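Asker:
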Amino acid sequence: MRIADPRKHVLDIWLDGRETRRMTSVETPAERTEMLDQDERVRRLNTFASLLRRRHIDAAIIDSADNMRYLFGYSATAVMYQCCIVTADGAVRAIVREIDEPVFSATSWVQDRIAYTDWDDPFDVLIAEIVKMGLAEATIAQELDSHYLCVRDHQRIISSLPQARFADASGLVLEMRAQKSPSEIEEHRRSAAIADLALAATVSALAEGVSERELVAAGYEAALRAGADNNAPRIVLLGMGSKSAHFHGGVGDNRLEVGQPVHIELLPQSNGYSSRLMRPAILGAIPAGLQSDFDQLARIQDLQFQSIRPGVAAKDIDRVGRDELARAGVRSSFPHNTGYGLGIITGPKLADFARLFTPAAEWKLLPNMVFHMYLSASGISVSETVRVTEDGFESLTRTPRSIQLRHV
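Residue numbers (our numbering): 22 to 429.
#1: With a cut-off of 8 Å on the beta carbons, I'd call T160 and D79 a contact; round off their distance for me.
#2: Where do the N-terminal and C-terminal ends of the alpha helix (DSSP H) with T418 fall, by residue?
#3: Report the partner residues of Q200 according to the DSSP bridge assignment.
#4: Once DSSP output is grouped into helix, strand and coil, what is the label at Q317?
#5: Is the region 141 to 154 touching the region 124 to 133, taking contact as three or more C-beta pairs under 8 Å?
#6: With the cut-off set at 8 Å, would you say A136 and E119 are in Cβ contact?
#7: Pick from S167, G111, C105 and G94: whose alpha carbon is nearest that of E150?
#8: Per the DSSP calculation, F392 is bridged to which residue(s)?
#9: Spatial neighbours of R376 within its chain, please: CB distance less than 8 Å, with the 5 preceding and 5 following residues excluded, ordered by chain position.
#10: Report the rounded CA-to-CA distance for F414 versus E207, giving the unit in angstroms.
#11: Quick check on the DSSP output: the alpha helix (DSSP H) that includes I78 runs from which residue to which?
#12: Report the residue from G305, Y102 and S313 whose alpha carbon sits nearest the alpha carbon of S225.
#13: Around the C-beta of S167, are 16 or more other C-beta atoms found within 10 angstroms, so that it is buried, or is it exposed?
#14: Measure the alpha-carbon distance for Q290 versus N252 and round it to whole angstroms.
#15: For the beta strand (DSSP E) that contains P301, what are its first and last residues?
#16: Thinking just about the alpha-carbon of each residue, which of L66, V257, V407 and D316 is nearest to the one in S397?
#17: Near E48, what residues of its chain come up, given a Cβ to Cβ distance below 7 Å and the 5 sequence neighbours on each side ignored?
#18: Roughly how many angstroms separate the alpha carbons of G457 and T406, rounded to a whole number?
#19: Could you spell out the range, first to last residue, of the beta strand (DSSP E) harbouring D189?
#20: Return the CA-CA distance between I424 and F374, expressed in angstroms with no decimal places.
#21: With respect to the beta strand (DSSP E) encompassing V117, which residues constitute its N-terminal and C-terminal limits?
#22: Does DSSP put E208 in a helix, in a strand, or in coil?
#23: Quick one: measure Cβ to Cβ for A157 and Q184, integer angstroms, because I've assumed they're closer than 8 Å.
#24: Can you have a look at A309 and say buried or exposed, based on whether 16 or more other CB atoms are within 10 angstroms of its CB?
#25: Is the shortest distance between the beta-carbon of S232 and the beta-carbons of chain B less than 8 Å?
#26: How close, in whole Å, do the beta carbons of V231 and R276 come, if the pair is a contact with beta carbons under 8 Å?
#27: If you reduce the DSSP assignment to three classes, tell me which class L426 lands in.
#28: Taking DSSP as the reference, what is the three-state secondary structure of D274?
#29: Rounded to the nearest angstrom, what separates I82 and A249 at their Cα positions?
#30: Looking only at C-alpha atoms, which of R427, A347, P301 and P331 sits nearest to E411?
#31: Under DSSP, the alpha helix (DSSP H) around Q176 begins and ends at which residues?
#32: Compute the distance between the beta-carbons of A243 and A219, then report whether it is under 8 Å.
#33: In or out: G260 buried (at least 16 other Cβ within 10 Å) or exposed?
#34: In terms of DSSP beta bridges, what is T108 paired with?
#35: When DSSP labels each residue in this structure, what does Y137 get in the three-state scheme?
#36: With DSSP as the reference, label Y294 as helix, strand or coil.
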């Protein structure tokens with residue numbers, strides 16, 4: 022499916038029936054700046070610095086790519102170690118790879134930075150800067166849950182600063198990221214609109230004999246033209262026939278037959294913020310059994326959505342879906358979660374599993390949390406990206422809740 026101005030098409034979807042401000046042409050996903058606005062970056066930095074002071078931490082080393090993107094606007098590659106040192110009074114110094122400095126300069130507001138060459142040792146640079154900043158005997162927090170800090174390097178930092186005290190900063194930034202600001206909600210709206218558009222493009226490409234690869238390409242093209250800026254996760258996950266139950270399978274050259282179910286999942290990002298959408302699709306007539314299973318999934322998920330509001334425990338919403346699946350005889354067991362958090366997503370992680378909807382989830386919903394809620398059975402899935410409102414929920418994805426049918 023080709024659209025003369027795909028970005029305009031996304032705006033039409035986003036604004037249709039929604040009470041929100043209208044974007045001008047310079048604010049479209051492909052053209053707007055990636056730099057955080059001043060109020061937002063000051064709010065985030067001040068909040069994080071206050072968390073450090075409250076815990077009697079003098080400085081923190083932030084190296085998790087999604088947290089760096091959230092606080093400083095820059096997503097580091099995992100090729101060589103990069104980080105930012107944040108002090109309890111809000112000062113920030115970045116350690117970046119010299120080849121990445123132009124990207125850092127274009128996307129981050131941080132001015133104080135040290136760039137190293139590929140023959141420098143980034144940990145020698147980091148340790149030297151910690152000493153220069155007068156932190157050699159300070160309390161320093163590290164993100165021990167970071168995918169960018171291996172055990173060897175963590176131990177090296179500790180052994181190189183014998184007079185310093187070390188603390189764990191795991192989860193501090195994740196807690197800040199749980200409730201989205203108005204600007205973050207706008208990014209989720211954009212990526213949700215892109216998901217809707219790309220799913221429609223994928224369905225439009227259904228034809229007898231078309232390959233999985235061709236369908237994925239149709240979804241990718243539509244999403245990228247509309248402004249998707251994924252830097253790590255794939256944009257489209259797809260499986261057809263017996264592979265429709267494979268959530269995370271690879272793309273092959275299987276050819277579509279009439280009547281085969283197709284699992285389609287869209288994961289586009291806008292400025293790093295991911296929204297997601299799953300629908301089953303079929304070429305030709307929908308088998309009665311498949312339609313019945315989908316209707317049950319949609320009904321059960323609607324019951325879950327009706328339970329969403331601030332203050333409700335995640336396990337209670339999960340229980341609605343899990344109990345109804347069993348009661349309806351759709352699934353006897355459901356070994357995974359029924360929803361998970363969304364926000365900035367960077368590699369190697371493909372999702373934010375800090376908050377999951379499971380039977381053991383005691384945490385409670387707050388306004389402006391954003392989640393990907395999904396249910397599956399019999400090789401088909403239905404999902405939405407939803408926002409918790411002050412008194413309920415809002416679905417940010419708008420694709421009709423039905424099996425996506427393409428006539429032969």
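Where is the CB? At the ideal position from N, CA and C, for every residue including glycine. These numbers come from a predicted model, not from an experiment.
Answerer: To lay it out plainly:
#1: Counted from its first residue, the sequence shown places residue 160 at position 139. Counted from its first residue, the sequence shown places residue 79 at position 58. Yes, they are in contact, since the Cβ atoms of T160 and D79 sit about 5 Å apart, within 8 Å.
#2: As a first step, residue 418 is located in the sequence shown; it is residue number 397 there, counting from the start. Taken as a continuous stretch (DSSP letters only), T418 belongs to no alpha helix (DSSP H), as it is neither H nor E.
#3: Reading the sequence shown from its first residue, position 179 is the one you call residue 200. Answer is none; Q200 lacks a bridge partner.
#4: Mapped onto the sequence shown, residue 317 falls at position 296. Here Q317 sits in helix by DSSP.
#5: no
#6: On the sequence shown, residue 136 is found 115 positions in, with the first residue counted as 1. On the sequence shown, residue 119 is found 98 positions in, with the first residue counted as 1. The answer is yes: Cβ separation under 8 Å.
#7: Translated into positions along the sequence shown, residue 150 becomes position 129. Of S167, G111, C105 and G94, the residue nearest in Cα terms is C105.
#8: As a first step, residue 392 must be located in the sequence shown, where it is residue number 371. DSSP, once it has assigned bridges, lists G362 and V407 as partnering F392.
#9: Residue mapping note: residue 376 aligns to position 355 of the sequence shown, counting from 1. Once the five neighbours on either side are set aside, the close Cβ partners of R376 are A199, A335, Y361, G362, A382, W384, M390 and F392.
#10: In the sequence shown, the residue the question calls residue 414 occupies position 393. In the sequence shown, the residue the question calls residue 207 occupies position 186. If I take the Cα positions, the gap works out to 16 Å.
#11: Indexing the sequence shown from 1 puts residue 78 at position 57. Note, I78: premise wrong, no alpha helix (DSSP H); not H, not E.
#12: By 1-based counting over the sequence shown, the position of residue 225 is 204. Of G305, Y102 and S313, the residue nearest in Cα terms is G305.
#13: The sequence position of residue 167 within the sequence shown is 146, counting from 1. Flag for S167 reads buried.
#14: Stepping through the sequence shown from its first residue, residue 290 is reached at position 269. Stepping through the sequence shown from its first residue, residue 252 is reached at position 231. One C-alpha to the other measures close to 8 Å.
#15: Within the sequence shown, residue 301 is the residue found at index 280, counting from 1. P301 -> beta strand (DSSP E) spans L298 to L304.
#16: Reading the sequence shown from its first residue, position 376 is the one you call residue 397. Cα-wise, what sits closest to S397 is D316.
#17: Locating residue 48 in the sequence shown gives position 27, where the first residue counts as 1. Note on E48: pLDDT 38, under 50, position unreliable in the model; the coordinate value appears next. Cβ neighbours of E48 beyond the five flanking positions: none.
#18: Since the first residue of the chain shown is 22 and the last is 429, residue 457 is not available in this structure.
#19: On the sequence shown, residue 189 is found 168 positions in, with the first residue counted as 1. Residues R186 to D189.
#20: Sequence index remark: in the sequence shown, residue 424 carries index 403 (1-based). Sequence index remark: in the sequence shown, residue 374 carries index 353 (1-based). Rounded to whole angstroms, I424 to F374 spans 28 Å at the Cα level.
#21: The count along the sequence shown starts at 1 and reaches residue 117 at position 96. That run of the beta strand (DSSP E) goes V113 to R118.
#22: Reading the sequence shown from its first residue, position 187 is the one you call residue 208. Reduced to three states, the DSSP call for E208 is helix.
#23: Along the sequence shown, one-based indexing puts residue 157 at 136. Along the sequence shown, one-based indexing puts residue 184 at 163. Confirmed, about 6 Å.
#24: Numbered from its first residue, the sequence shown carries residue 309 at position 288. Exposed.
#25: Although the question refers to chain B, the structure presented lacks it and comprises just one protein chain.
#26: To locate residue 231, count along the sequence shown from 1; it is residue 210. To locate residue 276, count along the sequence shown from 1; it is residue 255. Confirmed, Cβ separation roughly 7 Å.
#27: By one-based count along the sequence shown, residue 426 stands at place 405. It is a strand residue.
#28: As a working note, residue 274 is residue 253 in the sequence shown. The answer is coil: DSSP assigns D274 none of H, G, I, E or B.
#29: Along the sequence shown, read from residue 1 onward, the residue named residue 82 stands at position 61. Along the sequence shown, read from residue 1 onward, the residue named residue 249 stands at position 228. Each residue's Cα considered, the two are about 30 Å apart.
#30: For the purposes of this step, residue 411 is taken as residue 390 along the sequence shown, with counting starting at 1. For the residues R427, A347, P301 and P331, the minimum Cα distance to E411 belongs to P331.
#31: If you number the sequence shown from 1, residue 176 lands on position 155. V172 to S181 is the extent of the alpha helix (DSSP H) around Q176.
#32: The sequence position of residue 243 within the sequence shown is 222, counting from 1. The sequence position of residue 219 within the sequence shown is 198, counting from 1. Cβ atoms of A243 and A219: closer than 8 Å.
#33: Residue numbering aside, residue 260 sits at position 239 when the sequence shown is read from its first letter. G260 comes out buried.
#34: Here the question's residue 108 lines up with position 87 in the sequence shown. Answer is A80, bridged to T108.
#35: Mapped onto the sequence shown, residue 137 falls at position 116. In the structure shown, Y137 sits in a strand (DSSP, three-state: E or B).
#36: By one-based count along the sequence shown, residue 294 stands at place 273. Note: Y294 maps to strand in three-state DSSP.
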